[in-house]
Structure formats: structure tokens, C-alpha cells
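**Student:**
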Amino acid sequence: MSEGVAVAGERVGSTTEEVTNSIEEIESSTTELATGVDGLADQSEEVTETVADLSASIEEITASTETIRRQSDETTSIAAEGEAEVDRALTRIRTATESSASAADEMDQLETRIARVEEILDVIAGIADQTNLLALNANIEAARAGDAGEGFAVVANEVKTLATDSQASADEITSIIEDLRDQTNRVTDRIRQANDEIRDGTTAVADAATTLDTVRETVDATDDGLEEIAEAVSRQADNAQAVSTLVDDVSTTANQMSASLQQVAAGVDEQTTAMDAVAQVAVGLGDDGELLHELVDAFKVDDDESAALDEVDLDAAETNIEAESELLEEV
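Each residue of the sequence shown is one higher than the last, beginning at 5 in our numbering.
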């Protein structure tokens with residue numbers, strides 16, 4: 005019996021040590037897990053802050069996008085007004101071109117008429133020269149006729165005077181025509197210059213219209229890009245909100261796990277305390293087993309000596325065993 009008690013004590017002690025080691029490992033793992041959970045909670049807070057910053061950035065991008073969109077709309081409106089003004093300018097230029105072309109045609113017709121007048125003046129000048137020659141011949145013949153030719157001489161002088169006046173008038177008209185031709189040429193040159201400027205203006209306006217078209221197309225493309233950016237930002241905002249919700253869930257779960265781990269740690273502490281008590285009981289059992297073994301050996305050696313053994317020691321050993329058994333049952 006004594007040997008069984010000793011062996012039982014040793015087994016209980018060994019088992020207690022193993023259980024204690026396992027509990028220590030569990031406690032260490034629980035501590036590490038709790039540390040990891042705390043770190044996860046901290047990281048969750050950092051992620052939450054990062055998501056908040058991202059959300060703020062998204063809001064700023066959204067505001068900037070809206071501002072750019074308004075400016076783009078204003079640019080589109082200005083470009084449309086510019087295109088309308090260009091169309092009006094082109095209309096005015098076409099009208100001016102037509103007027104200039106009409107004026108050029110009239111100047112050509114005037115030049116033709118001036119040339120015709122010059123031809124007529126040449127005829128008048130030729131007639132005046134011939135008339136002067138005829139008047140001279142008439143005066144010669146009147147002189148030959150003597151008194152009978154005096155009346156004819158007077159008529160010849162009048163004809164000469166008329167021819168001279170006609171020649172002077174023709175010369176004056178020729179001078180006026182030359183001045184008119186010079187003015188006509190200057191006007192024609194100005195009309196040609198105006199036509200050149202109108203063509204240049206037409207080209208410039210056409211280039212401006214092309215530029216405005218390009219601006220409008222660019223603005224339209226910008227609007228499309230802004231729409232895509234707005235959609236991407238909206239999706240990003242939704243993702244950020246989803247991440248924030250997920251992080252909140254993770255943080256809540258981490259807090260719950262931390263609380264559970266604290267309860268586990270408390271239970272492990274209680275188990276450690278209990279196993280320490282069991283270990284103490286096991287040590288006590290071992291000591292009691294050795295005491296019983298000594299008593300049995302003493303009984304086997306000498307019956308008289310065994311009869312003389314102190315019954316108090318035996319009773320004390322039995323009392324210790326019973327107490328330790330009760331303690332084991334409580335544990």
C-alpha cells in the first residue's frame with residue numbers, strides 16, 4: 005500500500021508538472037495572441053485614420069473636379085459664343101468681300117468709260133486741229149479775194165476761235181480725266197489691298213473658328229475625362245467606406261477577442277494556482293508514502309518493535325493522507 009501511495013504521488017507529481025508546463029505554454033500563447041490582438045487593434049486604428057485621410061482626399065478631389073467641371077462648362081459657353089461671333093464675323097467679311105468685288109467691278113467699268121472719253125477727246129482734238137487748219141486755209145483764200153473775201157475771213161476767224169476753245173476744253177477734260185484715272189487707280193489699289201486684307205482676315209477668322217472647334221472638342225474630352233474621374237472617385241469613396249466598415253468590424257472583433265483572451269488568461273491563472281495545489285498534494289503523498297513504507301519495513305523486521313511503534317505517528321500519517329485526498333477531490 006505504501007509503495008502504491010508513493011507511486012501515485014509520483015504519477016500525480018509528473019502529471020501535474022506536465023499539466024503545469026502545458027498551462028504555461030497556453031499562457032504564453034495566450035499572451036502572444038493578446039499582444040497580436042492589441043497590435044491588430046492598433047493597426048485597425050491606423051487603417052481607420054488612413055481611410056479617413058483618404059476620404060478627405062477623395063472629397064477634395066471631388067470638389068476640385070466639380071470646380072474644373074464648372075470652369076469647363078464656362079469655357080464651353082465662351083467657346084460657343086466665340087464660334088457664334090466668328091460666324092457673324094465671317095458673314096460680315098463675306099458681305100464686305102462682295103461689296104469690294106462690286107466696287108472693283110464698278111471701278112473697272114469706270115476705267116472703261118474713262119478710256120472711252122479719252123477716245124472721244126482724241127477725236128475732238130483731231131477735229132479741232134483740222135478746223136484750225138481749215139480756218140487758216142480760209143483766211144488765206146479770203147486774203148486772196150480781197151474785199152470780197154472779208155466776210156469769209158470773219159467766219160474763218162470765228163471757226164478758228166471755236167476750234168481753239170474746243171481744243172482748250174478737250175485739253176482741260178483730258179487733264180481732269182487723267183486726275184480721275186489716277187484717283188481711280190488709287191481706289192482700285194486700295195480695293196485690291198482691302199481684298200487682300202479681307203482674305204487674310206477670312207483666313208484668321210477661319211483659323212480662330214478651327215481653334216475654337218479644337219477648344220470645344222478639348223473641353224468635351226475634358227468633360228468626358230472628368231466624368232470618368234468622378235466615377236472612379238465615387239467608386240474609390242465606396243471602397244473606402246467598405247474598408248472603413250470592415251476595419252470597424254475587425255476592431256470590434258479584436259476588442260471582443262481581447263476580452264475573451266483576458267478571461268482565458270484569468271482561467272489559466274486559476275488553473276495554474278490549482279495545479280500548484282495539486283503539486284503540493286503530490287509532494288505530500290510522496291512523503292506520506294515514504295512514511296508508510298518505513299512503518300511497514302519496521303513491522304516486517306520485528307514484531308515486538310512494530311507493536312511498540314508509536315500509534316500516534318501512524319494515525320498522523322493516515323490523517324495526512326485523508327486530508328490530501330480531500331484536497332485532491334476539491335481541486
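Just so it is clear, CB atoms sit at the ideal spot from N, CA and C, and this is done for glycine as well. Treat the numbers as computed from the prediction; the structure is a model and nothing was measured.
With a 10 Å radius around its C-beta and 16 neighbouring C-beta atoms as the bar for buried, classify L250 as buried or exposed.
**Tutor:** L250 is exposed by the Cβ-count criterion.
**Student:** Would you decide whether I124 is buried or exposed? Buried here means 16 or more other CB atoms lie within 10 Å of its CB.
**Tutor:** With fewer than 16 Cβ atoms within 10 Å of its Cβ, I124 is classed as exposed.
**Student:** For I195, count the other beta carbons within 10 Å of its own beta carbon; 16 or more makes it buried, fewer makes it exposed. Which is it?
**Tutor:** So I195 counts as buried.
**Student:** Is DSSP giving D133 helix, strand or coil here?
**Tutor:** Residue state, collapsed to three classes: helix.
**Student:** If you draw a straight line from the alpha carbon of D227 to that of S76, how long is it in whole angstroms?
**Tutor:** The alpha-carbon atoms of D227 and S76 are separated by roughly 7 Å.
**Student:** Out of curiosity, what's the CA-to-CA distance linking T207 and I72?
**Tutor:** T207 and I72: Cα-Cα distance of roughly 32 Å.
**Student:** Can you give the beta carbon distance from N143 to T168, rounded, assuming they're within the 8 Å contact cut?
**Tutor:** No, N143 and T168 are not in contact; Cβ-Cβ is about 14 Å, not under 8 Å.
**Student:** How many angstroms separate the CA atom of Q266 from the CA atom of N243?
**Tutor:** Distance between the alpha carbons of Q266 and N243: 34 Å.
**Student:** Report yes or no: do three or more beta-carbon pairs, one from the stretch 101-115 and one from the stretch 179-196, lie closer than 8 Å?
**Tutor:** Counting Cβ pairs under 8 Å, three or more are found: they touch.
**Student:** With 16 other CB atoms within 10 Å as the buried threshold, where does V90 fall?
**Tutor:** Buried is the call here.
**Student:** Is the beta carbon of R220 closer than 8 Å to that of T80?
**Tutor:** Yes, they are a contact pair.
**Student:** Taking the C-alpha atoms as reference points, what is the distance between G86 and G205?
**Tutor:** Looking at the two C-alpha atoms, the distance is approximately 16 Å.
**Student:** Where N199 and R120 are concerned, what is the direct C-alpha to C-alpha distance, given to the nearest angstrom?
**Tutor:** Spanning the two alpha carbons is a distance of roughly 27 Å.
**Student:** For I202 versus T69, is the C-beta spacing smaller than 8 Å?
**Tutor:** No, these two residues do not count as a Cβ contact at 8 Å.
**Student:** For A270, count neighbouring Cβ atoms within 10 angstroms of its own Cβ and tell me buried if that reaches 16, exposed if not.
**Tutor:** It is exposed - the Cβ of A270 has fewer than 16 other Cβ atoms within 10 Å.
**Student:** Report buried or exposed for L216, applying the criterion of at least 16 other Cβ atoms within 10 angstroms of its Cβ.
**Tutor:** By the neighbour-count rule (16 or more Cβ atoms within 10 Å), L216 is buried.
**Student:** Excluding sequence positions up to five away, which residues of its chain have a Cβ less than 8 Å from the Cβ of A149?
**Tutor:** So the qualifying residues of the chain are F156.
**Student:** Measure the Cβ-Cβ separation of V209 and I97 and say whether it is below 8 Å.
**Tutor:** Contact flag set, yes.
**Student:** On the CB-based measure, 16 or more other CB atoms within 10 Å of its CB, does G223 come out buried or exposed?
**Tutor:** Rather than Gly, the amino acid found at residue 223 in this sequence is Val. Result: buried.
**Student:** Below 8 Å between beta carbons: does that hold for S238 and T52?
**Tutor:** Not in contact: S238 and T52 (Cβ atoms no closer than 8 Å).
**Student:** Which of helix, strand or coil does DSSP assign to A311?
**Tutor:** Because A311 carries a pLDDT of 45, less than 50, the predicted location of this residue cannot be relied on, and no value is offered for it.
**Student:** Kindly give me the distance between the Cβ atoms of A160 and A139, rounded to whole angstroms, as I take these residues to be in contact under 8 Å.
**Tutor:** Indeed, because the Cβ distance is near 5 Å, the residues count as touching under 8 Å.
**Student:** Does the Cβ of V55 have 16 or more other Cβ atoms within 10 Å, making it buried, or fewer, making it exposed?
**Tutor:** Buried, by the Cβ-count rule.
**Student:** Given this structure, state the Cα-to-Cα distance separating E154 from L166, to the nearest angstrom.
**Tutor:** Approximately 19 Å between the Cα atoms of the pair.
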